[in-house]
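Colleague: Protein chains in written order, with our numbering: chain A, 1 to 369; chain B, 1001 to 1369; chain C, 2001 to 2314; chain D, 3001 to 3314.
For glycine and all other residues, C-beta sits at the position ideal for the given N, C-alpha and C.
Submitted below is the structure of interest, expressed as structure tokens.
As structure tokens, this is what we get:
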């Protein structure tokens, strides 16, 4: 057991840090949920990609550097410490891409991954439906085969992050009646889907509803095989909950900012809460190093990734709530208010924390269903 | 709305305070779970009774003063503030007596209440069985009628507080098969019951197991009618959870001691936790004044008493846990360690807090079963 | 000792509720800045704390607690507590007639200042009355409670010391927060009864039940602290300022818990403009920050208690 | 970067587990003071931190973490961490052979001092070795970890500074606490699977599931802080003392949460001598208080971080 970074890892960290310090936009970009901010974020992704820093852990042929998970964690630490922009590509690169890499055909990977890495395509997730949230397998949107090949999509998806401005979407559609085994994983361009933006608490359309009225998609837009959608999606949500969606770097940067705020406040009880959060962000970082090592050794993250989802989402919320208590009515002038609104969704998305606790209890601890 | 004590209430408070300051034993009595301590506590009850202070809210004919609930709360505040001994009679006076007063015959009340008030009889509760804890209605101990009158009790009760030294017990026994309506409320002398003391965490027999092998009881030991036991017991647990078992005075005294400890420690984060606890003890006191007024106006405490049980039991545990953190290895030299062990049981007894939260959700909020 | 609202106190609350049910439905929150204000003014609500000789109702803060709670339940926009609490400070004719916003010490901004006829500026050395000010909108969390930075040249000194006014404002805001928390809880319960997942209403799952029970406990035990603080302020009790801080902190935390739980129970839909829930969420947070966040008030309670003022009132 | 125990480190843990499974079953906790110690000594466990030239295994604190965790899982009585950690301080022959108890600064009492051949007294100005002391039993929470007040006349100064020893003891105790917490969780799960109420195992109720899931989260994220602290101490990293405090606080709180949850899941039976559970409950609390409670260590972390030392290692 050690915590020593290799010379190559230290060099990589230095390269990332230098590049970011020369390139991170100042002032920060406008919100990615505005049309203007969306394009600015997309342009930022293109710059990242040009430096081969947008998807460092992917194979080189798709725009990455083929580096290890540890390097990816280093990249993330530096990225968030530098105050770099949120990733408008995140649904694609963190949710869809792992599935494409594992279940996609060589043709699908070659067609979609490089464009995703450069921000040329921006993908929205489309899991939930009005009557299928936590109970995702209850979804009713369906795909009907078209004679001669391809499919038509019907139904109504909701809470689709980024869909107001994105170019493509991915999600599950029913191709037969079986609850889990009747689901198929589709990718689709958004241009023929009826997209109704939905304003969030901050007044910006971070969500959208998607209405499918026979949207035509090619056969090549099916990921894996018909009926495999549930198991592919579960692999996705496992990576979503595991390492890739919320790397520790994000929370380390937040914890550092929170500590500075608490120091300024002079309130020792607030300082105690901030110090706890800072230590917990450290715990998440260290835990992730251990998990990354296990994954690099070929083990699956599995149900244990639910432990991480519970931990980081509630830590993030606690940190932002404390910041708001320290800032009072000045919070709106800082990034903490937007951060708080975003953190509020953490215990809900990617499987609510109620679902996660049940997974931990049943699959990690072995309690009866 | 006001919070003004009347002159009579102020006079009563002064009388209680003066009497206690002249009479509270110093040094404190040994634990009531030792044979010696039990007798010392019983003698203390007799002194309280001689001053007509053991059961102030009972009618005068049974040893009380017939004062209001507000006066009783005043008595309790003074009692605990004075550091007076824990009440060895509490299972009787706080659990059985309310049922006797409400459901007992005049003969039962006259026979049992005065002896309970003076500590001549000390009552143990006998609700739980090995397979019936939270699920009390699953109990299997039974009573069989004896031709010519009276009953014989059979079965096995457990976690019976005080039973190691008490003189009498009360509990539910099955007189027919119906889950709730087959239960009957019995009182019984402990001298023919096989009592096996059970050591608690502190090594003292705060619990006992009771084995009934045809223990003979008279007809007059049935409280209410055969088959009414469940509804009578629920009235008991309602008062147990409501005002009478854990009056605010106890927690106010604990909060004051905790504040002093936190002040000494010089740790501002501990001071914050202590100040919160102190404020919460105040909230419980004020809430209880409001509840007492409602009960005095003829309203039932009902399911809302579950809110109080959750609040005081978790507050008590938080206060003692903080004290232990401040005292470290010196805790054993203070009353805080015993207090902590006792507080640990608070979220378990009188209906676990899981049961209480479900009651609040279903009966107060109206969520579906 | 009768720690329960009188019929008159409850009747004022019920009258306010009736006015707001008609005049301040959730739809009004999307279009109006001061729905229901006219009806409340007709009830005399904004002049409630004025003495009768100044055409007021001559009530104490305690008397208007149920009414203030109703304004929270209805999510009534506008500087409600400010206008009601500031009335006795104003020149005779103005109290109860004019809309007032307040700048508190340590608070940078005045809420709804653009609606206000007068500004009361509380400073450690006393209160000031400002008739004309330059307002600069500042970003906040509550679309129905916009914030403004305030700059002014002329002001009139007021005789009232700033401290008690601030305590009364904090307690009045705490009473509103109790109402906000109760409404958030009621909406969560209503949603949990009808929203079905896994073939059952989500309110039948223990995790949801116990979470909402915790909210009920928090609200149940915050409210008496608010009532006591109002009584203590009305009576000029010795530790009334400390008790006001305890009330504001507890009510703010109860409302924040109710808001977080409401969002968790509603899931993603609670986060959006589709539901009215967002108005109460925003109000819980904006009033939680008004006149001192819970952290600020907790610190004040701690300083008083540790400094040795652990007197209980009564 | 390989933040995972090596095969050797895990093998030592497994060897300790095997010894204790046979020699320190729960029944032994009721009758013996040092069950399993002979077997551990034969493994070289108590000399693990001694250099090979002193007949030790030449290991670092990190290397014995899995073994220490196993001593917690087994609830092994006796001054385990004290004897292992103090070994390198002692005169050559004594390390690894003699049983050691420790008096820490700010800590009034020495645990298991009546079993100890030697006492190490840590004082701010340095460490002392005490051969003979007068012991007075003091009341404590853990029947298997009795406390003693210590009085002595003669002592031998030790060269080691007290600070690093204390940090190592805190981290070794934290590793034991992780083991105690894991065993409490395992016993809670096992009981919840078989205890039936309302016609179902109580472990099928969401309230029980989610409570135990919270324990699993707390333990899962305390452990890496303990591992990091040991590595930092072994490496002489700059903020190692702060990281040791973070580890002790997190492990102590995780164990306290596991203990409270275990008791709640077991109900009244967990509170009694009838079940072995009480040994682990007592150990969670006694080790939680040893070498600084969580409150004490949280204060140290806070002081370091607020004072400006927010360096991360690595």
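1. Between the alpha carbons of residue 251 (chain A) and residue 76 (chain A), how many angstroms are there, rounded?
2. Would you verify that the beta carbon of residue 3142 (chain D) is, or is not, closer than 7 Å to some beta carbon of chain B?
3. Using 8 Å as the cut-off, can you tell me whether the segment 2294-2313 of chain C makes contact with the segment 265-283 of chain A, which would need three or more C-beta pairs spanning the two stretches below that distance?
4. Use the C-beta contact count for residue 36 (chain A): other C-beta atoms within 10 angstroms, 16 or more gives buried, fewer gives exposed.
5. Would you mind sorting residue 1234 (chain B) into buried or exposed? The rule is 16 or more other CB atoms within 10 Å of its CB.
6. According to DSSP, simplified to helix, strand and coil, what is residue 3197 (chain D)?
7. Between residue 194 (chain A) and chain C, is any beta-carbon pair separated by less than 7 Å?
8. Inspect the beta-carbon positions of residue 2226 (chain C) and residue 2178 (chain C) and report whether they are closer than 7 Å.
9. What do you reckon, are the CB atoms on residue 3079 (chain D) and residue 3111 (chain D) nearer than 7 Å?
10. Taking CB distances under 7 Å as the criterion, tell me whether residue 2205 (chain C) reaches chain D.
11. Could you please tell me which residues of the segment 1263-1274 of chain B, in chain order, have their CB closer than 7 Å to any CB of chain D?
12. Are the C-beta atoms of residue 375 (chain A) and some chain C residue less than 7 Å apart?
13. Looking only at its chain, what residues have a beta carbon closer than 7 Å to the beta carbon of residue 3059 (chain D), apart from the 5 residues adjacent to it on each side?
14. Taking C-alpha atoms, which residue in B:1317, B:1140, B:1305 and B:1299 lies nearest to residue 1277 (chain B)?
15. Return yes when the Cβ of residue 109 (chain A) is within less than 7 Å of the Cβ of residue 96 (chain A), no when it is not.
16. Does chain A have any CB closer than 7 Å to the CB of residue 2176 (chain C)?
17. Does the beta-carbon distance from residue 2224 (chain C) to residue 1287 (chain B) come in below 7 Å?
18. Can you confirm whether residue 3257 (chain D), when its beta carbon is compared against all beta carbons of chain B, has any partner nearer than 7 Å?
19. At 7 Å on the CB atoms, spell out the chain C contacts of residue 354 (chain A), in chain order.
20. Which residue's Cα is closest to the Cα of residue 232 (chain A): A:188, A:102, A:216 and A:33?
21. Check whether the segment 2199-2218 of chain C touches the segment 2036-2048 of chain C, taking contact to mean three or more Cβ pairs, one atom from each stretch, closer than 8 Å.
22. Only counting runs of 4 or more residues, tell me where the alpha helix (DSSP H) segments fall wholly within the segment 3239-3267 of chain D, in order along the chain.
23. Bridge partners for residue 125 (chain A) per DSSP, in chain order?
24. For residue 139 (chain A) versus residue 229 (chain A), is the C-beta spacing smaller than 7 Å?
25. State the beta-bridge partners of residue 3157 (chain D) as determined by DSSP.
26. At 3 residues or longer, and completely inside the segment 1168-1234 of chain B: list those beta strand (DSSP E) runs for me, N to C.
27. Please confirm whether residue 3142 (chain D) and residue 3283 (chain D) have their CB atoms less than 7 Å apart.
28. Kindly give me the distance between the Cβ atoms of residue 2262 (chain C) and residue 2270 (chain C), rounded to whole angstroms, as I take these residues to be in contact under 8 Å.
29. Along the chain, which unbroken stretches of the beta strand (DSSP E) at least 3 residues long are found entirely within the segment 1052-1124 of chain B?
30. How far does the alpha helix (DSSP H) with residue 2289 (chain C) in it reach, from first residue to last?
31. What would DSSP say about residue 1141 (chain B), mapped onto helix, strand or coil?
32. Anyone know if the C-beta pair for residue 2203 (chain C) and residue 348 (chain A) falls short of 7 Å?
33. Quick one: what does DSSP say residue 3092 (chain D) is sitting in, helix, strand or coil?
34. Whose Cβ in chain D lies nearer than 7 Å to the Cβ of residue 1337 (chain B)?
35. For residue 2291 (chain C), would you say it is in contact with chain A, using Cβ-to-Cβ distances shorter than 7 Å as the test?
36. Report the neighbours of residue 2217 (chain C) on chain B: residues whose CB is nearer than 8 Å to its CB, in chain order.
Modeller: With the structure as the only source:
1. 10 Å
2. no
3. yes
4. exposed
5. By the neighbour-count criterion, in which 16 or more other beta carbons inside 10 Å mark a residue as buried, residue 1234 (chain B) falls on the exposed side.
6. strand
7. So no, residue 194 (chain A) is outside the interface.
8. Going by beta carbons, residue 2226 (chain C) and residue 2178 (chain C) fall inside the 7 Å limit.
9. yes
10. yes
11. 1267, 1269 and 1270
12. Past the boundaries of the shown model lies residue 375 (chain A); chain A is included only from 1 to 369, so the question cannot be answered.
13. 3048 and 3049
14. B:1317
15. Their beta carbons are not under 7 Å apart, which means residue 96 (chain A) does not touch residue 109 (chain A) by this criterion.
16. no
17. yes
18. no
19. 2207
20. The residue from A:188, A:102, A:216 and A:33 with its alpha-carbon nearest to that of residue 232 (chain A) is A:102.
21. no
22. 3240-3266
23. A:170
24. no
25. D:3128
26. 1168-1174, 1183-1189, 1194-1198 and 1207-1217
27. yes
28. Cβ atoms of residue 2262 (chain C) and residue 2270 (chain C) come within 8 Å of each other, at about 6 Å.
29. none
30. Counting along the chain, the alpha helix (DSSP H) containing residue 2289 (chain C) begins and ends at 2277-2289.
31. Coil, per DSSP.
32. no
33. coil
34. Chain D residues near residue 1337 (chain B): 3141.
35. So, not an interface residue.
36. 1307, 1310, 1311 and 1360
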